[in-house]
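Residue numbers (my numbering): 3 to 511.
For glycine and all other residues, C-beta sits at the position ideal for the given N, C-alpha and C.
Just so it is clear, the structure is predicted and the values come from calculations on it, not from any experiment.
Read the structure below first, then the notes.
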């Protein structure tokens, strides 16, 4: 069986449940069995062990039980041992691999972990993320796992099969976050008197309200969608989703909360809302955690490619250096790790999507840890009579911003055509005196437009996994983005392999 088509970057993703017309299940119980077995074989080879212990957790998706059953079968029937952690967050699956004390000694710690999740994707999707004690697997390593998964399946004799046990790690994970806040604030209930609400979107993040905020003294009344719901009937659990952010913003205003928190399904991403109901998301979220970390020690902040010019100015004003890199949380994290190894102190790797990884926390993208860091700052600011938003009062925001996603027409070689288009756009812009290329650009093409022609910037890049040309534009003045998009549209009209309706619709507004 060829499972390579299920790979999505560093993860495995597929359709795991029926319920959406035209979408046929391809991530089956059998696939989960084979892939989990492949991971065990990969671990055995890597660790030079004949038997490994693998932990498996899952989010709230409706296919979780089916895939867990398959994965457990693949692990134990290949002669390896299984630890079922139940409903879990993705970051907790890595953190349990670091916690020898929890397991009563280093020899009892699992050798690897699998998280069953498909992040914010629709209810019928699911997937697998893999962890070793060092990190999440890289794309090439996932390829190796899937190649092993494709080998003919053969169960070992009954007497040689592995053992299975169930033990949740989430209570310990939550307790560690509580301890971090108490230690930093030197107080048992530093959030007493604060109303802080959580929107878990029906995902795995509901624990944060009862098991982190309540012990710290916070009032969580008004929190929503804390109960796991694999159909996500409230809204998509995604801090980037407009409807999801509107929902938590409205809730903050409705109950007059001091702070609002929103997680994605598996809690590796987060967003926030201040006491006025304004989003702390994307550039504002990056600025806030940057301000907190840079106040402790100056260093470099690595972000993805779609951040605003105002963010770079903000980071510099706070004593930091901004490295605007590429989309893809692994790209951002690996660049931060590389810079640290080269002697450049880099405390933070963060995407506008809400993936944030801190050097002090294994460079693990952990939404709950990010929020915990913000709450420490909130508690300290409150003692000085300040709000958390005061830390980013000097962040310059664009007057306008737009994201357009141009689809390639079916059955075309979109990677080759897209790469050629980007090179042509570079050549085109070089003939326009009012357009200048951005310095230190690592993805696609980023162009700056002078005041008369849009007073802003444009980024055109290839999607990491889809036949799409994502395009971002920002301007310092109203009407500026239309000027920029109009210029781009004039250039794109000669490329008949693109659907230009996103630009056409935007220009009609």
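- By a beta-carbon distance limit of 8 Å, residue 133 contacts residue 95. Their separation comes to about 6 Å.
- Cβ neighbours of residue 193 within its own chain (closer than 7 Å, five residues either side excluded): 215, 218, 219, 220, 377, 381.
- Assignment of residue 303 by DSSP, reduced to helix, strand and coil, places it in the strand class.
- Residue nearest to residue 296 within the set 24, 394, 213 is 394 (criterion: CA-CA distance).
- Judged by DSSP secondary structure, residue 162 falls outside any alpha helix (DSSP H); it is assigned neither H nor E.
- A Cβ-Cβ distance of about 5 Å is found for the pair residue 407 and residue 470, placing them in contact under the 8 Å criterion.
- Within the same chain, Cβ atoms closer than 7 Å to the Cβ of residue 75 are found at 35, the five residues on either side in sequence being excluded.
- If you look at residue 117, you'll find it in the beta strand (DSSP E) that goes 114-118.
- Between the alpha carbons of residue 261 and residue 226 lies a gap of roughly 14 Å.
- For residue 477, there is no enclosing alpha helix (DSSP H); the residue is found in the beta strand (DSSP E) stretching over 470-477.
- For residue 20, the secondary structure class from DSSP, reduced to helix, strand or coil, is coil.
- The C-alpha of residue 299 lies about 42 Å from the C-alpha of residue 16.
- In chain order, 327 place their CB closer than 7 Å to the CB of residue 333, counting only its own chain and leaving out the 5 sequence neighbours on each side.
- DSSP, reduced to helix, strand and coil, places residue 455 within a helical segment of the structure shown.
- Spatial neighbours of residue 13 in its own chain (CB-CB distance under 6 Å, excluding positions within 5 residues in sequence) are listed in chain order as 129, 131.
- Setting aside the 5 residues that flank it on each side, residue 79 is surrounded in the same chain by 157, 158, 163, each with a C-beta closer than 7 Å to its C-beta; the list follows chain order.
- Counting every other CB atom within 10 Å of its CB across the protein chains shown gives residue 467 a total below 16, marking it as exposed.
- Contact annotation: residue 222 and residue 250 have beta-carbon atoms that are not nearer than 8 Å.
- Using a Cβ distance threshold of 8 Å, residue 310 and residue 285 count as a contacting pair.
- Setting aside the 5 residues that flank it on each side, residue 255 is surrounded in the same chain by 279, each with a C-beta closer than 6 Å to its C-beta; the list follows chain order.
- Straight-line spacing of the CA atoms in residue 175 and residue 28 works out to 33 Å.
- Beta-bridge annotation (DSSP): residue 147 is not paired with any residue.
- In this structure, DSSP gives residue 370 a helical state, which the three-state scheme calls helix.
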